[in-house]
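K.L.:
Chains as they are written, first to last, in the working numbering: chain A, 1 to 450; chain B, 1001 to 1356.
Using N, Cα and C, we set each Cβ at its ideal position, and we do this for glycine too.
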Amino acid sequence: MVFSSLQFLLRFMPAFFILYYIVPKNRIAWKNAVLLMGSLVFYAFGEPVYVFLMIGSIVVNYFLAWITECAGNRALRRGLFILTIALNLSLLVLFKYAGLSLPLPIGISFYTFQIISYVTDVYNGRITRQKNILTLGVYITMFPQLIAGPIVEFSEVERRLSNRRVTPVMLDHGLKFFILGLSAKVILANHIGILWNEIYMIGYESISTPLAYTGALAYTFQLYFDFLGYSLMAIGLGKMLGFTLPVNFRNPYVAKSATEFWQRWHITLGRFFRKYVYIPLGGNRHGMLRTLLNLLVVWALTGLWHGSTLNFLLWGLFYFVFLAIERLFLKKWLDRGRVLPHIYMWILLLFSWVIFAITDFNDLWLYLKAMNPAGFFGITRNDCEILQFYLKDFGILFVLCFACSLPCVSCAFRRLMRKKWSFIVFLPLLLYCLYSLAQGLNNPFMYFRF
Amino acid sequence: MKKFLKNNILLLLIAVILLLCAIYGIKLYRMGYTLPDEGVHKPVELALFELSEGLLPWNAAATDAGAFKDNAPTGSAKDNTPTGAPLASGTADLPDPAATDSAGSHDTDPAADPSSKPLPGTEPGPEESKTPAEATNEPLPPSPTWAPVDDAYFDKACFIGDSRIVGLHNYSSMKDHADFYARTGMMAFNMMTGMMEEYKKPLPLDITVNDYFSPDEALQNIQYERIYIMVGINELGSNDLVRYKTCYSDAIERIKELQPDAIIILQAVMHVTDKRDKEMEEKGKRYTNENINRFNEVAMELVDNERVFWLDVNPILDDENGKLNPDLTNDGQHLKASEYGRWVDFLYENGLVWTE
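1. Taking only three categories from DSSP, how would you classify leucine 134/A?
2. How far does the beta strand (DSSP E) with phenylalanine 1309/B in it reach, from first residue to last?
3. Below 9 Å between beta carbons: does that hold for isoleucine 1264/B and glutamine 1333/B?
4. Can you name the residues of chain B whose CB is closer than 7 Å to the CB of methionine 201/A?
5. DSSP beta-bridge partners for aspartate 1277/B?
6. Taking the beta strand (DSSP E) that serine 1230/B falls in, what are its first and last residues?
7. Which chain B residues are close to glutamate 205/A, counting only those with a beta carbon under 7 Å from its beta carbon?
8. With distances taken Cα to Cα, identify the nearest neighbour of proline 1215/B among Thr1246/B, Arg1254/B and Tyr1244/B.
9. For proline 105/A, which residues in the same chain have their Cβ closer than 8 Å to its Cβ, ignoring the five residues on either side in sequence?
10. Between the Cα of phenylalanine 1159/B and the Cα atoms of Val1231/B, Arg1286/B and Lys1285/B, which residue gives the shortest distance?
11. For arginine 971/B, count neighbouring Cβ atoms within 10 angstroms of its own Cβ and tell me buried if that reaches 16, exposed if not.
12. DSSP three-state label for phenylalanine 154/A, please.
13. With a threshold of 9 Å between beta carbons, is glycine 1232/B in contact with chain A?
14. Identify whether glutamate 1297/B lies in helix, strand or coil by the three-state DSSP scheme.
15. Give, in chain order, every residue of the region 20–49 of chain A whose Cβ lies closer than 7 Å to some Cβ of chain B.
16. Whose CA, out of Phe1180/B, Ile1023/B and Lys1256/B, lies closest to the CA of phenylalanine 1213/B?
17. Which class does serine 39/A belong to by DSSP, given the choice of helix, strand or coil?
18. List, in order along the chain, the chain B residues whose C-beta lies closer than 8 Å to that of alanine 438/A?
19. Quick one: give me the first and last residue of the beta strand (DSSP E) that proline 1144/B is part of.
20. Cα-Cα, which of Leu1020/B, Lys1256/B and His1271/B is closest to leucine 1302/B?
21. Consider the Cβ of glycine 1322/B: report whether some Cβ of chain A lies at a distance smaller than 9 Å.
22. Using three-state DSSP, classify tyrosine 1181/B as helix, strand or coil.
23. Compare the C-beta of tyrosine 1024/B with all C-beta atoms of chain A and state if any pair is closer than 9 Å.
24. Compare the C-alpha of leucine 83/A against each of Thr120/A, Tyr224/A, Leu180/A and Ser231/A and name the closest.
25. When you compare each of Met1174/B, Glu1339/B and Trp1058/B to serine 206/A by their alpha carbons, which one comes out closest?
26. Counting Cβ pairs closer than 8 Å, one from the region 1286–1295 of chain B and one from the region 1265–1277 of chain B, do we hit at least three?
27. Grouping DSSP H, G and I as helix and E and B as strand, with all else coil, what is isoleucine 199/A?
28. Please state whether the Cβ-Cβ distance between methionine 1192/B and aspartate 1162/B is less than 9 Å.
29. Under 8 Å, with one C-beta from each stretch per pair, do the region 288–300 of chain A and the region 312–331 of chain A reach the 3-pair mark?
30. Can you pull the chain A residues whose beta carbon is under 9 Å from the beta carbon of leucine 1010/B, in chain order?
31. Tell whether a beta-carbon distance below 9 Å holds between phenylalanine 394/A and threonine 259/A.
32. Any beta-carbon of chain B closer than 9 Å to the one on arginine 449/A?
33. Leaving out five residues before and five after leucine 430/A in sequence, what residues of the same chain have Cβ atoms less than 6 Å from its Cβ?
34. Rounded to whole angstroms, what's the CA-CA distance from asparagine 1059/B to alanine 212/A? Just pull it up for me.
35. In terms of alpha-carbon separation, which member of Leu1317/B, Ile1316/B, Leu1046/B and Ile1009/B lies closest to leucine 1028/B?
36. Please look up how many angstroms separate the CB atoms of isoleucine 192/A and alanine 218/A, rounded, as I've assumed it's under 8 Å.
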């Protein structure tokens, strides 16, 4: 089930929250039980079989973390820890990369990472083991973040797992965050995604160079608002449950360098790789060469995490190259500039998302050829395509998307949320989303199978 | 409690609106409306769907209650819904007896006349049409045949249809000659009345509908000699063959009325790829080749070979299994821009001309 479906909005969400709020506020264990059951039901709608895989994974990891913590011998602890990590990773590899004809369990990339972060933190003594298996289950399966992040660390929600309450103000803010996220997904991402789909339909051998760039721009916005929307909805749902989930995006498209971009884009994923891969490898403490090597590993893994096809590896390496160059000398200049760094970053963005989007190498090559700035290779079958159709149909949407990528707009929304009268804005947004969904606009959730 | 009320105006308003939707949805369901894809009872979804299609509560109460009153005890509404989404225009509404009649006849005896020509794309068999006693309509010259034609033929033609026709317009040279009244998502249900704006280039000046116009308006103003139609793929979701046929037939009658000298060429709905078939089956959706063929068979029943003819481009686009060739498409249901030439060539080779 995705958040932006009528099934979730009209059935699951009302039913679940009524049940959740009926439970008295001092019965936190009951609330956790309702949340756990709700999350499993939520997951089972999309994956009736793999829900058992997830439950099994939680049980096994619960006991492994227990034994690891109890083991007195250091070597034994280490061995158990490695075993745990290997087990979790092998599941991920098995389903995602082994080329089996099995469908990928939804959200496995996200919940596996949460489990890994949990067992690693237990092993390192950063947190103490969660003794109640149901509570651990709530942390891992909690439906707001279950299938598309943010990747929450146990320490961030530990206190709230045993003690939380939802004030009327939190409920209101949560709802507003949710509506904001839903709008980003339904109004912006879904609509601008039509343009990208249309280009796919046309075939990359038949698009002009300007259309190739327009399409790349459309995809750039689609991906962002899709994912941002999902993260905002997760934060909103979290608030309505009494949790504070970490922020995942901080206006990434205003970044002036790839380094800054990755501090603003999918923050919880970057944090995961930094904390559990880059720093354990030695980070930047062993000279430039070793640092670059560590970066290479991190970015190859980041690329592969997003998908099993080679274009994702290429995409990761693409970022590695630019991050390395920036680290070596470019960053200093970029930080000083005002306009040029943004142009640099946008070119990077367009090309990187095209590599990300097109999984077939022949198609990718065709598209990159069409993006050749000299415009020789983009051969269109329709001379007036851009002006006649795309700018006319999507022009306003592009402007909206651009505006909503700016920090001042996010800021304005956050300020608006606190106003009593702001329902005048949020209610129509919600109704428009429902209208749009009811019209049956197709709804491909892009970060679903990652 | 007071604090709750003060801080959660938004939530309360949403609750009230959803409640109203639920009530309206239940009312619609009682009147025989169902969701296009399923017959299950989902009041809020149903209300939202109908609202998004332009059916407002006060209109529903005034106009449609009468039309559906006798029609739908909830049981019969479930299996094969003849009601579906009423259109803003209201032309699509369906007389009850006709619905049951042709529903019965469709499955049992398709022997009427189109069954004798399984692939009528290239040989429509004009002699067939002469045998019945309907040869009263004599103003047409003796025998229509399919033959190669030139640009002049299409100068007096127009194309009406859904996204496939939009593609034909956008990515082929056909637009230099023929006029297009096409819109993504066009269905027989709303073919004549749906508004569009993109294809207005040749309209004479006396049409002053601020940028938007319907095929109906266009055909009132320009006379054509031949009118090509392809609709049907979007109706598959409703699975409502009866309604498809009735609406298609109504639209054809309307065109005949508006264009007394034109012939109407129905193009078979283009197939989808095998992969698409499987995806759809997996999702439990109805957009499959099997259903396309069923809809095509029904549309063929509208052919009289006097003013309404049948043209099937599928044979030149299909693979050996009778499904759209995957090399010609990326998304499995629309041709790639570079492949529209095949279709255009086919149309040029198969023009309908009158020979002695």
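P.N.:
On the basis of the data shown:
1. Mapped onto the first sequence, residue 134/A falls at position 134. Leucine 134/A: helix per DSSP, three-state reduction.
2. For the purposes of this step, residue 1309/B is taken as residue 309 along the second sequence, with counting starting at 1. 1308–1311 is the extent of the beta strand (DSSP E) around phenylalanine 1309/B.
3. As a position in the second sequence, residue 1264/B is number 264, starting the count at 1. As a position in the second sequence, residue 1333/B is number 333, starting the count at 1. Not closer than 9 Å, so no.
4. Your numbering for residue 201/A matches position 201 in the first sequence. Asn1330, Asp1331 and His1334, listed in chain order.
5. Working through the second sequence from its first residue, we reach residue 1277/B at position 277. Its beta-bridge partners do not exist; DSSP assigns none.
6. Walking along the second sequence from the start, residue 1230/B turns up at place 230. With the sequence shown as reference, residue 1230/B is identified as methionine, and serine is not the correct amino acid for it. It spans 1226–1230 - the beta strand (DSSP E) in which methionine 1230/B sits, taken as one unbroken run.
7. For the purposes of this step, residue 205/A is identified with residue 205 of the first sequence, where counting begins at 1. Ser1338, listed in chain order.
8. As a first step, residue 1215/B is located in the second sequence; it is residue number 215 there, counting from the start. Looking at the Cα atoms, Arg1254/B is the closest of the given residues.
9. The count along the first sequence starts at 1 and reaches residue 105/A at position 105. Excluding positions up to five away in sequence, the list reads Glu47, Tyr50, Leu53, Met54 and Phe95.
10. In the second sequence, the residue the question calls residue 1159/B occupies position 159. Closest option to phenylalanine 1159/B, Cα to Cα, is Val1231/B.
11. In this structure chain B extends from 1001 to 1356, so residue 971/B is not present and cannot be described.
12. Position 154 of the first sequence, counted from the start, is the residue given in the question as residue 154/A. Three-state result, phenylalanine 154/A: helix.
13. Counting from 1 along the second sequence, the entry for residue 1232/B is found at position 232. Chain A, which has no Cβ nearer than 9 Å to the Cβ of glycine 1232/B, makes this no.
14. As a working note, residue 1297/B is residue 297 in the second sequence. If DSSP states are grouped into helix, strand and coil, glutamate 1297/B belongs with the helices.
15. none
16. Numbered from its first residue, the second sequence carries residue 1213/B at position 213. Comparing Cα-Cα distances from phenylalanine 1213/B to each of Phe1180/B, Ile1023/B and Lys1256/B, the minimum goes to Phe1180/B.
17. Here the question's residue 39/A lines up with position 39 in the first sequence. Residue state, collapsed to three classes: helix.
18. Residue mapping note: residue 438/A aligns to position 438 of the first sequence, counting from 1. The answer, in chain order, is Glu1045, Leu1048, Phe1049, Leu1051 and Ser1052.
19. In the second sequence, residue 1144/B corresponds to position 144, counting from 1. Note, proline 1144/B: beta strand (DSSP E), 1143–1147.
20. One-based indexing of the second sequence puts residue 1302/B at position 302. Measuring from the Cα of leucine 1302/B, the nearest candidate turns out to be Lys1256/B.
21. Mapped onto the second sequence, residue 1322/B falls at position 322. It does not; no Cβ of chain A falls within 9 Å.
22. Stepping through the second sequence from its first residue, residue 1181/B is reached at position 181. Three-state DSSP puts tyrosine 1181/B in a strand.
23. Indexing the second sequence from 1 puts residue 1024/B at position 24. No - not a single Cβ of chain A is within 9 Å of the one on tyrosine 1024/B.
24. The sequence position of residue 83/A within the first sequence is 83, counting from 1. Nearest of Thr120/A, Tyr224/A, Leu180/A and Ser231/A to leucine 83/A, Cα basis: Thr120/A.
25. Taking the first residue of the first sequence as position 1, residue 206/A is located at position 206. Of the candidates Met1174/B, Glu1339/B and Trp1058/B, the one whose C-alpha sits nearest the C-alpha of serine 206/A is Glu1339/B.
26. yes
27. Taking the first sequence and counting its residues from 1, the one referred to as residue 199/A is at position 199. Three-state result, isoleucine 199/A: helix.
28. Here the question's residue 1192/B lines up with position 192 in the second sequence. Here the question's residue 1162/B lines up with position 162 in the second sequence. Contact flag unset, no.
29. yes
30. Mapped onto the second sequence, residue 1010/B falls at position 10. Those are Asp172, Leu175, Lys176, Ile179, Ser422, Phe423, Phe426, Leu427 and Leu430, listed as they occur along chain A.
31. If you number the first sequence from 1, residue 394/A lands on position 394. If you number the first sequence from 1, residue 259/A lands on position 259. Their beta carbons are not under 9 Å apart, which means phenylalanine 394/A does not touch threonine 259/A by this criterion.
32. Taking the first sequence and counting its residues from 1, one reaches residue 449/A at position 449. Any answer about arginine 449/A is weak, because its pLDDT of 35 lies below 50 and its placement is not dependable; what the coordinates show is given next. No, arginine 449/A does not count as interfacial toward chain B.
33. Position 430 of the first sequence, counted from the first residue, corresponds to residue 430/A. Here the set comprises Ile179.
34. Here the question's residue 1059/B lines up with position 59 in the second sequence. Here the question's residue 212/A lines up with position 212 in the first sequence. In a straight line, the C-alpha of asparagine 1059/B is about 45 Å away from that of alanine 212/A.
35. Here residue 1028/B corresponds to residue number 28 of the second sequence, with the count starting at 1. Per the Cα distances, Leu1046/B.
36. Indexing the first sequence from 1 puts residue 192/A at position 192. Indexing the first sequence from 1 puts residue 218/A at position 218. Indeed they touch by this definition, with Cβ atoms about 5 Å apart.
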